[in-house]
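S.K.: Supplied in structure tokens, the structure appears directly below.
There are 2 protein chains.
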Amino acid sequence: MGATETRQQIVEAADQLFYENGFEATSFADISKAVGLSRGNFYYHFKTKDEILDAVIALRIANTQAMLDEWEEAASQPAERIRSFVHILIMNKTKIMAHGCPVGTLSNELAKLDHVAKDDAVKLFILFREWLARQFIALGRKADADKLAMHVLMRSQGVATLATAFRDEDFIRREVEDIHAWLDAHCPAAAEASQPNPRQHA
Amino acid sequence: MGATETRQQIVEAADQLFYENGFEATSFADISKAVGLSRGNFYYHFKTKDEILDAVIALRIANTQAMLDEWEEAASQPAERIRSFVHILIMNKTKIMAHGCPVGTLSNELAKLDHVAKDDAVKLFILFREWLARQFIALGRKADADKLAMHVLMRSQGVATLATAFRDEDFIRREVEDIHAWLDAHCPAAAEASQPNPRQHA
DNA sequence: GTCTATATTAAGATAGAC
DNA sequence: GTCTATCTTAATATAGAC
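What follows is the structure, given as structure tokens:
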């Protein structure tokens, strides 16, 4: 097998294991076993565990950027795009109830380890933060777009943490609805977009 | 030194280290070093790492219960008590920005490890949840007290996670203010309590 | 109840054959 | 590029002296 494909398989396996079991708790043996590779060969591709972490974060950044671009393409209205973001809580509810939010839990773990890559993990948050802020600017909230973005991020993180603790699907649905209601209440442009004016169809 | 005091010192040191560095990342050597105890003697008090974890969780439960009792004593108004809870985000902001919320991060870590004690860690959340719900019941919100309690918990967790990621003190203050505003808006009894009717003083 | 010494296991990491 | 074999370190855990 080519080095590039093997490397990619390693990073994808590590990505999943880091998410499901945590960075510290995942060993080289776990990753090489998941890929079906000997531990010795492993070191041909990655010299240290931190190198794998860097690659995993880079992969997550690329995947996140691609997802944000898709949402941007799929919806012309900024309010609808924000709803796409909130909806991942529903879409990924099973995984979130088992392992939490991949962004928040990695950020928390690396902060506790005071790991050199902790700021790189925060870049994932920044991607969402800036993307959300751009949507709020498009909704005419230029002055407080970043604050609104942080508020939406904050809620998604809070929902993810409690969903993991209590494994309560109804709680997730209820709080997602509440975020939508908050969006309508705080961004009139968003409410209009979600309930098109009947006169437009007349 | 007596066994009881030594044991207590071990649990307190482990409590702090688990919070600051995480459960997995904390070794017996770290704890015994923090207490100034040989590793060998350590095993006289605790046979396994999981035993220490159980003791740490028990200590946290006792400390949390004592704190909730204090808040209950210190404030006669339920709205004021809820504000005491929200205020820990401000009071502990430095530690939260460095290591997150002790309840949420432990719950998350044990969930990822699929640790036998993960449900015990959730008991800490349950203490807050039920205490908050009782305050909302006292505010006349019997029907949705638990939902309101979960909402407040959700916000505190979201604020803690993002505060750790971005180390932004202004963000904490802003969101704490927003929780207070939400409390006033959703519980009229709370708003009255925080802004006493002038006529009462006339 | 605390110590030193040591056993055991598993992890990260390397060397060299193929 | 992948393997087996091995080194090193560190962690959990135990035994036995004091």
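Order-wise, the sequence lines are chains E and B. Position 196 of the first sequence, counted from 1, bears residue number 195 in numbering that gives the first Met the number 0, the numbering being contiguous throughout. Position 38 of the second sequence, counted from 1, bears residue number 37 in numbering that gives the first Met the number 0, the numbering being contiguous throughout. Cβ atoms here follow ideal geometry from the backbone N, Cα and C, with glycine treated the same way.
Do Leu112/E and Glu23/E have their CB atoms nearer than 8 Å?
M.R.: Locating residue 112/E in the first sequence gives position 113, counting from the first residue. Locating residue 23/E in the first sequence gives position 24, counting from the first residue. Yes. Within cutoff.
S.K.: Would you kindly work out how many angstroms separate the C-alpha atoms of Tyr42/E and Ala57/E, rounded to a whole number?
M.R.: Mapped onto the first sequence, residue 42/E falls at position 43. Mapped onto the first sequence, residue 57/E falls at position 58. The alpha-carbon atoms of Tyr42/E and Ala57/E are separated by roughly 19 Å.
S.K.: Report the residues of the region 55-70 of chain B with a CB closer than 9 Å to any CB of chain E, ordered along the chain.
M.R.: Going along the region 55-70 of chain B in chain order, one finds no residue with a Cβ nearer than 9 Å to chain E.
S.K.: With a threshold of 8 Å between beta-carbons, can Leu88/E be considered close to chain B, or not?
M.R.: The residue labelled residue 88/E in the question sits at position 89 within the first sequence. It does not: the Cβ of Leu88/E has no partner Cβ on chain B nearer than 8 Å.
S.K.: On the criterion of 16 or more Cβ atoms from any shown chain inside 10 Å, does Lys141/E qualify as buried, or is it exposed?
M.R.: Here residue 141/E is taken as the residue at index 142 of the first sequence, counted from 1. When all chains shown are included, Lys141/E counts as exposed.
S.K.: Any C-beta of chain E sitting closer than 8 Å to the C-beta of Leu126/B?
M.R.: Walking along the second sequence from the start, residue 126/B turns up at place 127. No, because no Cβ of chain E sits closer than 8 Å to the Cβ of Leu126/B.
S.K.: Whole angstroms are fine: how far does the CA of Val175/B sit from the CA of His86/B?
M.R.: Walking along the second sequence from the start, residue 86/B turns up at place 87. Walking along the second sequence from the start, residue 175/B turns up at place 176. Whole-angstrom Cα-Cα distance: 7 Å.
S.K.: Take Phe17/E and list the residues in its own chain whose beta-carbon comes closer than 8 Å to its own, dropping the five residues that flank it on each side.
M.R.: For the purposes of this step, residue 17/E is taken as residue 18 along the first sequence, with counting starting at 1. Answer for Phe17/E: Thr25, Leu52, Val55, Leu105, listed in chain order.
S.K.: Roughly how many angstroms lie between the CA atoms of Gly39/E and Leu88/B, to the nearest whole one?
M.R.: In the first sequence, the residue the question calls residue 39/E occupies position 40. In the second sequence, the residue the question calls residue 88/B occupies position 89. For Gly39/E and Leu88/B, the distance between alpha carbons rounds to 47 Å.
S.K.: Mind listing which residues of the region 141-157 of chain E have their C-beta closer than 9 Å to chain B's C-betas, in chain order?
M.R.: Listed by position, the residues of the region 141-157 of chain E near chain B (Cβ gap below 9 Å) are Lys146, Met149, His150, Leu152, Met153, Arg154, Ser155, Gln156, Gly157.
S.K.: Just mark Gly157/E as buried or exposed, buried being the case when its beta carbon has 16 or more other beta carbons within 10 Å.
M.R.: Within the first sequence, the letter at position 158 stands for residue 157/E. Under this definition Gly157/E is a buried residue.
S.K.: Cβ of Gly139/E within 8 Å of Cβ of Ala188/E?
M.R.: As a working note, residue 139/E is residue 140 in the first sequence. As a working note, residue 188/E is residue 189 in the first sequence. In this structure, Ala188/E lies closer than 8 Å to Gly139/E by Cβ.
S.K.: For the putative contact between Ala159/E and Ile95/E, defined by C-beta atoms under 8 Å, what is the C-beta separation to the nearest angstrom?
M.R.: Reading the first sequence from its first residue, position 160 is the one you call residue 159/E. Reading the first sequence from its first residue, position 96 is the one you call residue 95/E. Indeed, because the Cβ distance is near 5 Å, the residues count as touching under 8 Å.
S.K.: For Ser155/B, count neighbouring Cβ atoms within 10 angstroms of its own Cβ and tell me buried if that reaches 16, exposed if not.
M.R.: Taking the second sequence and counting its residues from 1, one reaches residue 155/B at position 156. Buried, by the Cβ-count rule.
S.K.: Compare the C-alpha of Arg173/E against each of His150/B, Trp130/B, Asp14/B, Phe45/B and name the closest.
M.R.: Taking the first residue of the first sequence as 1, we reach residue 173/E at position 174. Ranking the options by Cα distance to Arg173/E, first place goes to His150/B.
S.K.: Using a 10 Å radius around the Cβ and a threshold of 16 neighbouring Cβ atoms, would you call Glu50/E buried or exposed?
M.R.: Here residue 50/E refers to the residue found at position 51 when the first sequence is read from its first residue. Exposed, by the Cβ-count rule.
S.K.: Look at the alpha carbon of Gly103/B and the alpha carbon of Leu152/B, and state the distance between them as a whole number of angstroms.
M.R.: For the purposes of this step, residue 103/B is taken as residue 104 along the second sequence, with counting starting at 1. For the purposes of this step, residue 152/B is taken as residue 153 along the second sequence, with counting starting at 1. About 10 Å.
S.K.: State the Cα-Cα distance for the pair Gly35/E and Phe27/E, rounded to the nearest angstrom.
M.R.: Here the question's residue 35/E lines up with position 36 in the first sequence. Here the question's residue 27/E lines up with position 28 in the first sequence. Straight-line Cα distance between these residues: approximately 12 Å.
S.K.: Under the rule that 16 or more other beta-carbon atoms within 10 Å means buried, what is Glu72/E, buried or exposed?
M.R.: Along the first sequence, read from residue 1 onward, the residue named residue 72/E stands at position 73. With fewer than 16 Cβ atoms within 10 Å of its Cβ, Glu72/E is classed as exposed.
S.K.: Write down the C-beta distance between Leu123/E and Ile60/E rounded to the nearest angstrom, noting that I regard them as a contact closer than 8 Å.
M.R.: To locate residue 123/E, count along the first sequence from 1; it is residue 124. To locate residue 60/E, count along the first sequence from 1; it is residue 61. Their Cβ separation, rounded to whole angstroms, is 6 Å, which keeps Leu123/E and Ile60/E in contact under 8 Å.
S.K.: In angstroms with no decimal places, state the Cα-to-Cα distance between Asp169/B and Thr63/B.
M.R.: Taking the second sequence and counting its residues from 1, the one referred to as residue 169/B is at position 170. Taking the second sequence and counting its residues from 1, the one referred to as residue 63/B is at position 64. If you take the alpha carbons of Asp169/B and Thr63/B, they lie about 27 Å apart.
S.K.: Report the option in Lys117/B, His179/B, Asp167/B whose CA atom is closest to the CA atom of Leu147/B.
M.R.: Residue mapping note: residue 147/B aligns to position 148 of the second sequence, counting from 1. Checked all of Lys117/B, His179/B, Asp167/B; the closest Cα to Leu147/B is His179/B.
S.K.: At 9 Å on the CB atoms, spell out the chain E contacts of His98/B, in chain order.
M.R.: Taking the first residue of the second sequence as 1, we reach residue 98/B at position 99. By Cβ distance, chain E contributes Asn107, Ala110, Lys111.
S.K.: Which residues in the same chain as His98/E place their Cβ atom closer than 6 Å to its Cβ, once the five residues preceding and following it in sequence are excluded?
M.R.: Translated into positions along the first sequence, residue 98/E becomes position 99. Hits under 6 Å: Tyr18, Glu19.
S.K.: Work out the CA separation of Ala13/B and Ile136/E for me, nearest whole Å.
M.R.: The sequence position of residue 136/E within the first sequence is 137, counting from 1. The sequence position of residue 13/B within the second sequence is 14, counting from 1. Each residue's Cα considered, the two are about 47 Å apart.
S.K.: In the DSSP assignment, the alpha helix (DSSP H) including Ala65/B goes from what residue to what residue?
M.R.: Here residue 65/B refers to the residue found at position 66 of the second sequence. Segment 48-73, the alpha helix (DSSP H) holding Ala65/B.
S.K.: Is Arg133/B close to chain E, meaning its C-beta is less than 8 Å from at least one C-beta of that chain?
M.R.: Taking the first residue of the second sequence as position 1, residue 133/B is located at position 134. It does not; no Cβ of chain E falls within 8 Å.
S.K.: Using a 10 Å radius around the Cβ and a threshold of 16 neighbouring Cβ atoms, would you call Ser75/B buried or exposed?
M.R.: One-based indexing of the second sequence puts residue 75/B at position 76. Exposed: under 16 other Cβ atoms inside 10 Å.
S.K.: Tell me whether His200/B is buried or exposed, calling it buried when 16 or more other Cβ atoms sit within 10 Å of its Cβ.
M.R.: By one-based count along the second sequence, residue 200/B stands at place 201. With a pLDDT of 45 at His200/B, under the threshold of 50, the modelled position of that residue is not reliable, and no figure is offered here.
S.K.: Mind listing which residues of the region 11-23 of chain E have their C-beta closer than 8 Å to chain B's C-betas, in chain order?
M.R.: Against chain B - using a Cβ distance shorter than 8 Å - the residues of the region 11-23 of chain E are Glu19, Asn20, Gly21, Glu23.
S.K.: Verify whether the separation of the beta carbon atoms of Val121/E and Ala164/B is less than 8 Å.
M.R.: Position 122 of the first sequence holds residue 121/E. Position 165 of the second sequence holds residue 164/B. Cβ atoms of Val121/E and Ala164/B: closer than 8 Å.
S.K.: Let me confirm a value: Lys46/E is counted as buried when at least 16 other C-beta atoms fall within 10 Å, else exposed. Which label applies?
M.R.: Against the first sequence, residue 46/E aligns to sequence position 47. Exposed: under 16 other Cβ atoms inside 10 Å.
S.K.: Using the Cβ count rule (16 or more neighbours within 10 Å means buried), how would you classify Ala2/B?
M.R.: Start at 1 with the first residue of the second sequence, and residue 2/B comes out as number 3. With fewer than 16 other Cβ atoms within 10 Å, it is exposed.
S.K.: Starting from the beta carbon of Phe45/B, find every residue of chain E whose beta carbon is closer than 8 Å, and list them in chain order.
M.R.: Position 46 of the second sequence, counted from the start, is the residue given in the question as residue 45/B. Chain E residues near Phe45/B: none, gap ~21 Å exceeds 8 Å.
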